[in-house]
Every structure is written in structure tokens, then in C-alpha cells.
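J.:
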Amino acid sequence: MKILRNILAIILDIVIAIITILIIIAAIYVVQTKVQHKQNANIFGYTAFEVVTGSMSGTIEIGDLVIVKITDSVEPNDIIVYQEEDHFVTHRVLEINGENIVTKGDANSSKDLPISNKQVLGKVAIVIPKVGIWKKVLTTPSVLIAIIITVILITAIVYYNPPKKE
336 MKILRNILAI ILDIVIAIIT ILIIIAAIYV VQTKVQHKQN ANIFGYTAFE
386 VVTGSMSGTI EIGDLVIVKI TDSVEPNDII VYQEEDHFVT HRVLEINGEN
436 IVTKGDANSS KDLPISNKQV LGKVAIVIPK VGIWKKVLTT PSVLIAIIIT
486 VILITAIVYY NPPKKE
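Quick note on numbering: the sequence shown equals residues 336 to 501 in the numbering used here.
#1: With a CB to CB cut of under 8 angstroms and the five nearest residues on each side skipped, what residues in its chain are close to residue 438?
#2: Counting Cβ pairs closer than 8 angstroms, one from the region 457-466 and one from the region 395-414, do we hit at least three?
#3: Less than 8 angstroms between the CB atoms is what I'm expecting for residue 472 and residue 478, so what's the real figure, rounded?
#4: Do you know offhand how far residue 484's Cα is from residue 345's?
#5: Under a three-way DSSP split, which group does residue 499 fall into?
#6: Count the other CB atoms within 10 Å of the CB of residue 408; is the residue buried (16 or more) or exposed (fewer)?
Okay, here's the thing in C-alpha cells:
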């Protein structure tokens, strides 16, 4: 029983550490986007976006999370995120002509209008599938309450030491 408690304590510590890191990242994101009114957060040279259209379907799907390395150095075949008016677009670089970059969504039939190098936010470093669905599930109040209660109960069980009978 003691080994099981130790294993549960280690797992719980890891879960708490991961949750703490995620809360810190979320706090940085909120401060940069809501308080400082930036259009995207810069967390150690990276930012993240949830994909909301199917223009890159087959490579990146709706609801996927893309982690973007903030840079203006891009090459053909890179998947980049660029700003177009008041929104961000995630498409593949087809060609670079001086300051003009031609992109296209993998699922689109035609090329995009050329963009300037100044519009480029960065290139996609990592794609995390189906994060959008988890975001919806985990932000549902009833699910969130159930998770909090479960973590509290597991913590109580792991760290409860009943008095020893003599």
C-alpha cells in the first residue's frame, strides 16, 4: 500500500507541475493579449493559434493547435502564419520573389495574393491535433468542476495519514 501511495504521490506531483506550467503560460498569454492588447502572445519566441478553417486540411485540420516560431525567415514549402487585415492565416509558402511571398492552403485550388515579408509572423514548428475539442471539453463548467473535485479527492487520499493504533 505504501508503494502505491508513493507512486500516486509522484504522479500527482507531476500533474500539479504540468498544471502550474500551463497556468503560467496561460497567464502570460492573457497579460499580453488582453492587458497589453497585442494580437498574439510571444512566449519565449513562440506563439500558438487554433486552426479555424479547413484550408490546410490533410496537413492541419480544424481544431488543431499550431505552435509558431516567431521569425520572418521563411523558405518555400514552409508552413507559415501571416497577418491579413485583422486575422491570421496559416498557409504553405510556394515561392518567394524578393519581398513578396506567394502562399496557398494545401486544400485550396488557387494561390493566395502575394504578401509582403512584413506580414509574416513565423513558421509552424509543431502541430498538436484536436486541441480545440479538448479546449471545449475542459472549459465546460461541469467537466471543470468534476476535474477539480477529482484532483482534490486524489490529493486527500494520497496525503492522508491515518493515526496509528497502538
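We treat Cβ as the ideally placed atom computed from N, Cα and C, and that holds for glycine.
Since the structure is predicted, the reported quantities are computational estimates derived from the model, not experimental observations.
T.: Inspection of the coordinates gives the following:
#1: 415, 417, 424, 426, 427, 428, 429, 446, 447, 450
#2: yes
#3: Right, the Cβ-Cβ distance comes to about 6 angstroms (below 8 angstroms), so this counts as a contact.
#4: 19 angstroms
#5: coil
#6: Under this definition residue 408 is an exposed residue.
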